[in-house]
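Step one of this worksheet: look at the structure below.
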Amino acid sequence: MPLGDRVLLIAVCCRTNLTLRQVALLFGVSKFAAHRVVDHLAPLLALTLFARRHSPDNVLVVDGTLVPVHVRAIIASSRNYRYSVNMQVGIDANTRLVVAVGPGAGQPQRRHSSP
Numbered sequence: 183m184p185l186g187d188r189v190l191l192i193a194v195c196c197r198t199n200l201t202l203r204q205v206a207l208l209f210g211v212s213k214f215a216a217h218r219v220v221d222h223l224a225p226l227l228a229l230t231l232f233a234r235r236h237s238p239d240n241v242l243v244v245d246g247t248l249v250p251v252h253v254r255a256i257i258a259s260s261r262n263y264r265y266s267v268n269m270q271v272g273i274d275a276n277t278r279l280v281v282a283v284g285p286g287a288g289q290p291q292r293r294h295s296s297p
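Read in the numbering used here, the sequence shown has 196 at position 14, and its numbers run on one by one without any break.
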């Protein structure tokens, strides 16, 4: 699969409510091949989009929150007895997203939890 198609597959997977199986059908690949593309390239793509240097004069704001999830297989109960994942976001003074950190790639709730 060409690199452009793989990047488009990741974008469709992250920005739609389609399941990985449906996205795989759209691109004519197996569900497992689509999962490998998302698992390997999504973190690299996220790093390249936001890997720019900020000058020391720039103000960056970092905030974190617990996002409730329903899939309990890979998460642990927090102190408030909700099942949740820790999402952290960094923005600059112009409210542009600098970085968003959440659950690892390939986890079901990742696709719809982070921007």
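Where is the CB? At the ideal position from N, CA and C, for every residue including glycine.
Item, Value
"Pick from 209, 217, 273 and 208 that is closest to residue 244, judged by C-alpha positions", "273"
"Three-state secondary structure (DSSP) of residue 210", "coil"
"Enclosing alpha helix (DSSP H) for residue 187 [first to last residue]", "185 to 197"
"Rounded separation between residue 228 and residue 240 - CA only", "21 Å"
"Collapsed DSSP secondary structure at residue 241 in the structure displayed", "coil"
"Residue 191, buried or exposed, once every other Cβ within 10 Å from all chains shown has been counted against 16", "buried"
"For residue 186, the nearest candidate out of 242, 271, 276 and 219 (CA to CA)", "219"
"Buried or exposed (CB count within 10 angstroms, at least 16 for buried), residue 188", "buried"
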